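Encoded as structure tokens, the structure appears first; notes follow it.
Numbering (my numbering), first residue to last: 17 to 151.
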């Protein structure tokens with residue numbers, strides 16, 4: 017089975033875990049239809065955490081992933097430990113199409129975390145400007 021996955025952090029191209037998606041089909045940039053919030057988790061390695069707080073449309077990259085890949089990503093994301101969980105979301109692709117995808121949502125407290133804005137890291141945001149609706 018194939019899964020559409022929205023990546024918004026370390027799995028995006030040129031980030032530290034991007035090689036894990038090298039054998040998966042890259043479909044392009046995408047933005048969430050609904051609003052969520054990204055936090056930056058600080059530790060030995062910084063990484064983003066998406067939560068259900070409606071603040072921004074989050075931007076990222078869309079991939080078509082195999083079951084085997086998703087099982088591996090569940091381990092990476094700590095699904096069995098209650099760190100993240102997969103949830104279905106609606107996304108809009110860079111071609112304007114809507115699709116249902118999976119995203120990983122953070123399940124722990126974020127009270128001491130920094131807001132990451134709609135794109136992590138913030139310096140990536142210029143790659144996604146065309147996805148934002150203009151007023």
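A virtual CB, placed ideally from N, CA and C, is assigned to each residue, including glycine. Values in this document were obtained by computation on a predicted structure and should not be read as measured data.
Residues near residue i in its chain [Cβ-Cβ closer than 8 Å; skip 5 each side]
i, result
"residue 106", "48, 49, 50, 114, 115, 116, 117"
"residue 141", "75, 133, 134, 135"
"residue 29", "42, 77"
For residue j and residue i, the rounded distance between their alpha carbons
i, j, result
"residue 73", "residue 67", "12 Å"
"residue 138", "residue 25", "11 Å"
"residue 122", "residue 101", "7 Å"
"residue 38", "residue 31", "12 Å"
"residue 104", "residue 85", "17 Å"
"residue 62", "residue 112", "31 Å"
"residue 90", "residue 56", "20 Å"
"residue 108", "residue 143", "15 Å"
"residue 98", "residue 83", "20 Å"
"residue 20", "residue 128", "31 Å"
"residue 151", "residue 131", "Note that residue 151 scores a pLDDT of 48, beneath 50, so its modelled location is shaky; the value from the coordinates is reported in the next line. Cα to Cα, the separation comes out at about 24 Å."
Residue i vs residue j beta-carbon contact at 8 Å
i, j, result
"residue 88", "residue 22", "no"
"residue 110", "residue 59", "no"
6 Å Cβ shell around residue i - same chain, five flanking residues per side excluded
i, result
"residue 18", "80"
"residue 33", "26, 27"
"residue 146", "none"
When the options are compared against residue i, the one with the closest alpha-carbon
i, options, result
"residue 120", "112, 128, 92", "92"
"residue 95", "147, 62, 124, 144", "124"
"residue 69", "108, 54, 129", "54"
Element boundaries [alpha helix (DSSP H), containing residue i]
i, result
"residue 18", "Residue 18 -> not in any alpha helix (DSSP H); beta strand (DSSP E) instead, spanning 18 to 23."
Sequence-distant residues of its chain with Cβ nearer than 7 Å to residue i (five each side left out)
i, result
"residue 126", "55, 65, 67"
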